[in-house]
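> Position 170 of the sequence shown, counted from 1, bears residue number 180 in the working numbering, the numbering being contiguous throughout.
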Amino acid sequence: MSTQRASQIAEPIAEPTVYKGQFGEFTITQADRRGVIIYRAGLMVAALCFAIGTGLVLWQPENSVVLRALTPLYTGFTAALAVSLLTIHIYMASLHRTLQAFWLIGVIASVVVAHSSPEPFAATVYQHPVTILGVGFVFAALTGIFFKEAFCFDRLETKFLTPLVPLLLLGHLFGLMPTAVEQVLLAGWAILFLVFAGRKVIQAIPPDIGDKSVFEYLHQQRSLKTAEN
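#1: By a C-beta neighbour count over all protein chains shown, 10 Å radius and 16 as the cutoff for buried, is Ile98 buried or exposed?
#2: Roughly how many angstroms separate the alpha carbons of Leu66 and Gly52, rounded to a whole number?
#3: Classify Leu105: buried if its beta carbon has 16 or more other beta carbons within 10 angstroms, exposed otherwise.
#4: How is Thr168 classed by DSSP in three states: helix, strand or coil?
#5: Quick one: is Thr189 buried, meaning 16 or more other Cβ sit within 10 Å of its Cβ, or exposed?
#6: Classify Thr13: buried if its beta carbon has 16 or more other beta carbons within 10 angstroms, exposed otherwise.
#7: Under a three-way DSSP split, which group does Thr37 fall into?
#8: Run through the segment 96 to 135 for me and flag every whole alpha helix (DSSP H) of 4 or more residues, listed as ranges in chain order.
#9: Please report the residue range of the alpha helix (DSSP H) in which Gln213 lies.
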């Protein structure tokens, strides 16, 4: 047996770090870490799709080719957001399901809008603000992520994004802001979203997993209620 092989056998296997949670001890598995990486990858893809789309529409807002290019970018954005909503760690299961339901409602509304008008999807939504009442649910789900990140990690960019997104959407819905102001807010949204997604990439993984003992405790409580009923 070679010296290298012997040293590999003799090398101790690193024990997983044990964390002390509110309701007991827990460890973080590779599956946990993979889930966080997927969550962050979804955010980054969504942020890139949104930023590219924003850049195009601010550059040439009346170009039909640009407007049609926004549809696949929006599709990529919503798909990536779905991945993040599936893998995000939220203690309140009801809130988690609500955000996912918002996404689903928004996507269904988007499909209906896209197939009910010969105009490009983005142009239809912009020219008919009432469509925001349906499509806006997708962005309500995104705002939920921003709120969760602001609450859990005190991130400055998400503190701005949480009110900015509904402000822009509702402002356009009710015609409260001139186009120039909407463009500034849209650009700010795209930039801050990229900053947020970029900072998530370099953030330590364990905080995004949270206290697994809380998840286990809540799961046990739900199981007990189900058994009692």
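Ideal Cβ placement from N, Cα and C applies to all residues, glycine included.
Computed from a predicted structure; not experimentally measured.
To lay it out plainly:
#1: With 16 or more other Cβ atoms within 10 Å, it is buried.
#2: 21 Å
#3: exposed
#4: helix
#5: exposed
#6: Confidence is the limiting factor: at Thr13 the pLDDT is only 47, short of 50, which leaves the residue's position unreliable, though a coordinate-based value still follows. Under this definition Thr13 is an exposed residue.
#7: strand
#8: 103 to 126
#9: No alpha helix (DSSP H) holds Gln213; DSSP gives it neither H nor E.
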